[in-house]
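Written below as structure tokens is the structure these notes are about.
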Amino acid sequence: MNFRLDGKVALITGASYGIGFAIAKGMAEAGATIVFNDIKQELVDKGLAAYKEIGIDAHGYVCDVTDEDAVAGFVAKVEEEVGKINILVNNAGIIMRIPMVEMTAAQFRKVIDIDLNGPFIMSKAVIPSMIKNGGGKIINICSMMSELGRETVSAYAAAKGGLKMLTRNIASEYGEYNIQCNGIGPGYIATPQTAPLRTEGHPFNSFIISKTPAARWGNAEDLAGPAVFLASEASDFVNGHILYVDGGILAYIGKQPAND
Ligand code: NAP
Ligand code: GCO
């Protein structure tokens, strides 16, 4: 079994901070060279400084994952400046929490564009050279909302449900080229994205803890081990799978009101 990533180039989208940063850190510890992008130079600079602080010599680029031409240029530049991309993690994503009937079609499209079209655009940009190189790993960051719905997140759930099926389709279409495409479905993780739900006294905070057998929010670091596994040779026969890393949420009905 080989869980090491020595000599591999891993591109993690939107990884200046949050889940992407923790996954990149885990992959760097396993030996990979880290490349990441973000939409603003300021965030790329912040990310580069944060990686440097923990001893990682990462390569950061400005690129919007929804811009097909920019992505093609970005991937070509990475291949020229860093090397062939062996691992792609489609992590960049946004959420808008708006009741569906109040949401505009433009807002809905924006979420779908970043959370679903982005992974499609990034994946199609790296797959041809993965095929030429004899294989590769694509990891799509899905969600509880790939399986469950809740009030206010219609666009996000539609995008993450779609991302689950894009994952299975990439596995189906390119598995014969030794490309494994799997998803990670994080539970509720303490990052800037969920900060508005975790404020002191917010009812959602205790709601999530009561829904999670682990009785806590996840940390971004909880995703690192599963991501390294799915990026390594140890998972070479795992394809089209969504690995839920949720402290047990999907297995659980939620805390009973009284223990009887
Ligand atoms: P986050 O803290 O908001 O980080 C997301 C990153 O993506 C940010 O750096 C963001 O940059 C970047 N980004 C947004 N739009 C982009 C674009 N068009 N092109 C390139 N980069 C872009 O989110 P997170 O909580 O770490 O989540 C990371 C991923 O995990 C997302 O796909 C999210 O949906 C998913 N997820 C999160 C949770 C959770 O509980 N936190 C659970 C399940 C799944 P800006 O700061 O400029 O927006
Ligand atoms: C929300 C949350 C979620 C999580 C995550 C769950 O408002 O319900 O932000 O959607 O971030 O994706 O897995």
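The opening residue of the sequence shown carries number 168 in our numbering; numbering runs sequentially from there. C-beta: ideal position from N, C-alpha, C; glycine also. As the structure is a prediction and not an experimental result, all values here were calculated from the model.
Going by C-alpha distance, which of the options is nearest residue i?
i	options	result
Thr233	Met289, Gly240, Glu247	Met289
Arg171	Tyr323, Ala199, Leu178	Ala199
Phe404	Gly352, Gln347, Thr379, Gln360	Gln347
Leu210	Ile279, Leu410, Gly187	Gly187
Leu255	Gly385, Gly328, Val395	Val395
Ala338	Gly303, Ser313, Arg317	Gly303
Cys230	Ile223, Gly222, Ala239	Ala239
Ala260	Met312, Asp236, Pro380, Asp282	The identity of residue 260 in the sequence shown is Gly, whereas the question assumes Ala. Minimum Cα distance to Gly260 is reached at Asp282.
Met297	Gly250, Ala217, Gly368, Pro380	Gly250
Ile179	Tyr411, Val242, Pro353, Lys219	Val242
Ile190	Asn258, Glu235, Gly407, Asn406	Asn258
His408	Tyr419, His369, Ile351	Ile351
Ile201	Gly193, Asn336, Gly368	Gly193
Gln423	Ile416, Ser377, Ser402	Ser377
Val176	Ala237, Gly185, Gln208, Glu247	Glu247
Tyr419	Lys327, Phe203, Ala325, Pro380	Pro380
Can you have a look at residue i and say buried or exposed, based on whether 16 or more other CB atoms are within 10 angstroms of its CB?
i	result
Thr366	exposed
Met332	exposed
Asp205	buried
Ala225	buried
Met168	exposed
Pro363	exposed
Ala387	buried
Ser373	exposed
Lys219	exposed
Gly222	exposed
Pro109	In the structure displayed, the chain extends from 168 to 427; residue 109 sits before or after that span and is not available.
Ala216	exposed
Pro353	buried
Leu315	exposed
Quick one: does the C-beta of residue i sit closer than 7 Å to a heavy atom of ligand 2?
i	result
Gly187	no
Leu417	no
Tyr184	no
Gln360	yes
Gly354	yes
Leu262	Here the sequence assigns Ile to residue 262, which means Leu is not the residue at that position. Checking every heavy atom of ligand 2 against the Cβ of Ile262, one is found closer than 7 Å.
Arg317	yes
Met311	yes
Leu364	yes
Val256	no
Val320	yes
Tyr323	yes
Is the closest heavy atom of ligand 1 to the C-beta of residue i under 7 Å?
i	result
Gly285	yes
Tyr228	no
Ile223	no
Gly250	no
Lys207	yes
Asp389	no
Asp212	no
Val434	No information on residue 434 is available, as it lies outside the stretch 168 to 427 that the chain covers here.
Gly181	yes
Thr233	yes
Ile281	yes
Ile308	yes
Asn372	no
Taking 7 Å as the cut-off, is the beta-carbon of residue i closer than that to any non-hydrogen atom of ligand 3?
i	result
Ile409	Although ligand 3 was asked about, the structure shown includes only ligand 1 and ligand 2 as ligands.
Taking 8 Å as the threshold, find out whether the region 267-274 comes into contact with the region 304-314 through three or more Cβ pairs.
-> Inter-segment contact for the region 267-274 and the region 304-314 is absent: fewer than three beta-carbon pairs are separated by less than 8 Å.
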